[in-house]
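Presented below is the structure to which this report refers.
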Amino acid sequence: MTSARLTIQADRPKAADGPLASQGDPWVQVWVEAGREGQVFTYANPDGLALASGDLVRVPLRGRRHVGLVVETLQVRPGGLGGVTLVAIEALHQRAAVDGQWQGLIEDVARDCHTSLFRTLKSVLPPGWLGQRPAKAAAAPRSRIWVALAAEGARASTSGQGLSAKQQALVDQLANQGGGAWQAELLASGGISRSVLDGLERRGLLSKEALVFQAADHPNRTSRLDLAPSQTLTGAQAAALGQIRRAPGGQSLLLWGVTGAGKTEVYLQAAADCVAAGQGVLLLTPEIGLVPQLLDRCRQRFGAAVAEFHSGCSERQRIDTWRRCLAADGDPLVVVGTRSAVFLPINTLGLIVLDEEHDTSYKQDSPMPCYHARDVARHRARRSGARLVLGSATPSLETWQTCQGPAATTELLRLPERIGGRPLPPVRLVDMRLELEDGHRRLISRPLMQRLGGLAERGEQAVLLVPRRGHSSFLSCRSCGEVVLCPNCDVALTVHGRSDGPQWLRCHWCDHRAEITDRCAHCGSTVFKPFGAGTQRVMEQLDKELEGLRLLRFDRDTTRGRDGHRRLLQRFAAGEADVLVGTQMLAKGMDLPAVTLAAVLAADGLLHRPDLRAGEQSLQLLLQLAGRAGRGDRPGEVLVQTYCPDHPVIRHLVDGRYEAFLAEELAL
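Numbering (our numbering), first residue to last: 123 to 790.
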C-alpha cells in the first residue's frame with residue numbers, strides 16, 4: 123500500500139472500449155474504497171492494459187473483487203516494494219470514468235468543505251460504480267427502437283389513402299401519441315405486427331432509431347417532427363435572454379423575476395442556443411418534486427437529447443445518464459436534475475441553470491462533503507467557461523449581495539411583470555387574535571372557511587400551506603401573539619418532551635433550557651399553549667367542517683415512490699380536488715391556472731422557527747406561495763392567518779417590497 127494524490131491527465135483522449143493496441147505501464151496505483159476514506163494500493167499490470175488516470179478497473183482485495191480508480195500509472199516499480207509480489211489487475215471496468223478537467227473542481231470542493239479528496243470523489247460518482255457489483259455497474263447503456271411518424275405519415279393520418287386497416291390504425295395511434303412510440307410497446311400491445319411496421323418504413327411513412335432508454339422516458343417521448351416551438355418573448359424576457367447570450371464564459375447572472383414572469387422560457391431558449399452550438403446544458407431544480415414539470419417541458423423542446431439525474435432515479439438509470447455524459451462527444455445533452463447533478467461530466471458544457479436558487483435544498487447537509495450546489499456551480503462555470511444563470515423570484519441574501527456595488531461578480535437581470543400583464547395577487551391578513559376574542563377558537567378562521575366554501579361552485583381551486591407535518595414547535599400566547607424567545611440568541615425556544623409526559627423549552631443554538639409556563643409574561647393570559655398543526659389534522663378539520671369539499675394532501679407521506687409528485691399534481695390539475703393541502707413543497711414552481719386562492723394556515727409556525735435565517739426563508743416561502751395564485755385568466759388572492767400581523771416579515775409580504783427586506787436583513 124502507498125499514498126497518492128489524485129492526478130488526472132487533463133487532455134487524455136477517450137478511446138473506445140475493446141482490444142487495446144498500445145502497451146500500458148507495468149505498475150498501477152489504484153484507489154479502492156476500503157475503510158472510511160479508501161486507500162491507494164499498487165497493482166501489477168502484467169497484461170499490459172493501456173490504462174491511464176481516471177479509468178475504473180476491477181481488482182482483488184482481501185478475497186473480494188472491488189472496483190477501483192486508477193490514480194497513477196508507473197513505469198518504475200515503487201521503492202520499498204522490491205521483494206513483494208504485487209497482485210495483478212483483473213480487467214478494465216470503465217474507461218475515462220473521471221475526466222481530466224474535473225481535478226480542479228473536485229479539489230475546490232474538498233478544500234471548501236474541509237473533506238478529503240477521495241471522500242469527495244466517492245460522493246460525486248454515481249452509486250454502484252465503486253461498490254461490490256462491478257458486473258452491474260459495467261453494463262452498457264440500454265437502447266430501444268423509437269418509431270417516429272414521418273411527415274408523409276402525418277399527412278397519411280388525415281388522408282388515409284393507400285393504407286390497409288392495420289397500417290391506418292398504427293399511423294393514427296402514433297399521431298395521437300405525439301408522433302412516436304417505442305417499438306417494443308407497440309408490438310406488445312397486440313394488433314400490430316412487425317410486418318406492418320416494416321411496410322410503413324419501406325414506404326417512408328415512419329422511421330426507426332435506436333435511442334438510449336430510461337424507464338422514466340417512455341410516457342413523455344416526443345417525436346423530433348413534433349417538438350414544441352419556442353414561445354414569443356415579452357420585452358423583458360427578450361432583454362434578459364440577450365444579456366445571457368452576450369455574457370462571457372464563466373459569468374454568473376441572477377434572473378430576478380416575479381412569480382409567473384416566464385423565467386423557464388428564458389432558460390429553455392438559452393439552452394436551445396447551446397444545443398444548436400453543440401454544447402451541453404445542465405438545468406438544476408432544488409427538489410425532486412419540481413423535476414417532472416421541467417423535464418416534460420424540456421422533452422417537448424429537445425426530444426431525445428434530454429436526460430434526468432436525481433435520487434429518485436434508480437442506480438442503473440443514474441449510471442446510464444452518467445455514461446451518456448461521458449459518451450456525448452459533439453452530441454449536445456440537456457440534463458435535468460437536483461443538486462447532485464452538478465457533478466455530471468457533461469462535455470463542452472455551455473450553460474448551467476439553478477432554478478429557485480434561494481432554496482435551502484441545494485445545500486447538502488450529510489454525508490460529507492457538505493457542499494452547496496450554487497457554490498459548486500460557480501466553480502464549475504469558471505473552470506468550464508459555461509454561463510451560470512441563477513433564477514428566483516426571491517433571491518437569497520448571498521446572491522443578492524454579489525450583485526451590489528462596483529465589485530459585483532453577478533450580473534442582475536430583471537423580469538418585473540407577469541406574462542400577459544396579470545397582476546400579482548393581493549395579500550389579505552386574518553388576525554387570529556381577533557378571531558379568539560370573538561369566540562372562534564378553531565384552527566381554520568371564518569374568512570378562510572367562507573372563501574373555501576365557494577370554490578366548487580365557482581370552478582376554482584386553492585392551495586393551503588401548513589408549515590409542517592409535525593405538531594408543537596414553540597410556545598405562544600393566543601391573546602397577544604407573544605412568543606417565548608431564547609435570552610441569548612433571540613430565536614424561538616422549541617417545545618420538547620411528550621404530550622403525555624414532562625415538557626420543557628430548549629434553544630437549538632446555545633442549548634439554553636427553560637421551564638414551560640401556562641401564563642403569558644406579557645399580557646397575563648392563560649391561553650398560552652404550544653403552537654403547531656400538521657397536514658393530517660388540517661385535512662380532518664376541513665373534512666369535518668366543509669362537507670363536500672374535495673381534498674388532496676401533498677407532503678412526503680403522500681408523494682413517496684417513483685413519480686409520486688407528478689401523479690398527485692396531475693390529479694389536482696385534472697380537477698379531482700378543490701383544495702391541495704400541503705407543506706412547503708406547495709410553494710415551489712407549480713403552475714396551476716385554476717388556482718385562485720393561496721392560503722397560509724399558520725404563518726407563525728414559519729416566523730418563529732429556531733433559526734437565524736427564519737425571517738428570510740419565511741418571506742421567500744410566503745412570496746413563492748403567493749405566486750401560485752392568479753396565474754390563469756382569473757385574478758388570485760392570498761390569505762394569511764397569523765397571531766403577529768405586525769411582524770416585519772408579514773409587513774413586507776403585504777407590501778411586496780422584497781428588495782427593501784433584503785437591505786434590512788443585510789444590515790441586521
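Yeah, the Cβ is synthetic: ideal placement off N, Cα and C, and Gly gets one too.
Its chain contains V403, F424, A427, P454 and V456 as the residues whose beta carbon lies nearer than 8 Å to that of V397, once the 5 sequence neighbours on both sides are disregarded; these appear in chain order.
By the criterion of a C-beta distance shorter than 7 Å, P569 is surrounded in its chain by V552 and L761, once the five residues flanking it on both sides are discounted.
The C-alpha of V198 lies about 8 Å from the C-alpha of P148. Of the other Cβ atoms in all chains shown, 16 or more fall within 10 Å of the Cβ of H501; this residue is therefore buried. Restricted to the region 449–515, the beta strand (DSSP E) segments that are unbroken, complete and at least 3 residues in length are 456–459, 471–477 and 509–514, listed in chain order.
Distance check between F676 and each of S506, L586 and A725 places L586 closest, using alpha-carbon atoms only. With respect to the C-alpha of R217, the residue from V246, L448 and I228 having the closest C-alpha is L448.
Collapsing the DSSP output to three states places P414 in a helix. Within the model, the alpha-carbon separation for E579 versus G697 is close to 13 Å.
Here I474 is not near A495, since their CB atoms are 7 Å or more apart. Secondary structure at R180: strand, using DSSP grouped into helix, strand and coil. Bounds of the beta strand (DSSP E) holding Y165 are Q161 to A166. Looking from the CA of A174, the closest CA among V150, V318 and R550 belongs to V150. Taking C-beta atoms as the reference points, G758 and P547 count as a pair closer than 7 Å.
Per the Cβ contact rule, the region 773–780 is in contact with the region 744–759 (3 or more Cβ pairs under 8 Å).
Taken atom to atom, the span from the alpha-carbon of L377 to that of L788 is near 20 Å. Beta bridge pairing from DSSP links T207 with no other residue. The C-alpha of A636 lies about 17 Å from the C-alpha of H730. Between the beta-carbon of I541 and that of T356 there is about 7 Å, and that keeps the pair under the 8 Å contact cut.
Residue state for P652 is assigned as strand, using DSSP reduced to three classes. For H188, the enclosing beta strand (DSSP E) covers residues R186 to L196.
Taking G472 as the centre and dropping the five residues before and after it, the same chain places the C-beta of C396, Q401 and A508 closer than 6 Å to its C-beta, in chain order.
Around the beta-carbon of W444, 16 or more other beta-carbon atoms lie within 10 Å, marking it buried. Contact between C235 and C492 holds: CB atoms are separated by about 6 Å, below the 8 Å threshold. A direct Cα-to-Cα measurement between L183 and T207 gives close to 14 Å. By the beta-carbon neighbour count (other beta carbons within 10 angstroms, threshold 16), Q572 is exposed. Spatial neighbours of Q663 in its own chain (CB-CB distance under 8 Å, excluding positions within 5 residues in sequence) are listed in chain order as R564, L565 and I566. Partner residues in the beta bridge of K330, as assigned by DSSP, are V269. Of the residues C642, S462, R672 and I314, the one whose Cα lies closest to the Cα of T407 is S462. Secondary structure note for E430: its beta strand (DSSP E) is the uninterrupted segment V428 to F431. Going by DSSP, R367 is part of no beta strand (DSSP E) but of the alpha helix (DSSP H) stretching over G357 to R368. Pairing L558 with L668 gives a Cβ-Cβ distance that is not under 7 Å. Around the Cβ of D442, a 10 Å sphere holds 16 or more other Cβ atoms; the residue is buried.
About 18 Å separates the CB atoms of L375 and L519; that is not less than 8 Å, and the two are not in contact.
A503 and N610 have their alpha carbons spaced roughly 41 Å apart. When G603, R659 and V549 are compared, the shortest CA-CA separation from C766 is found for G603.
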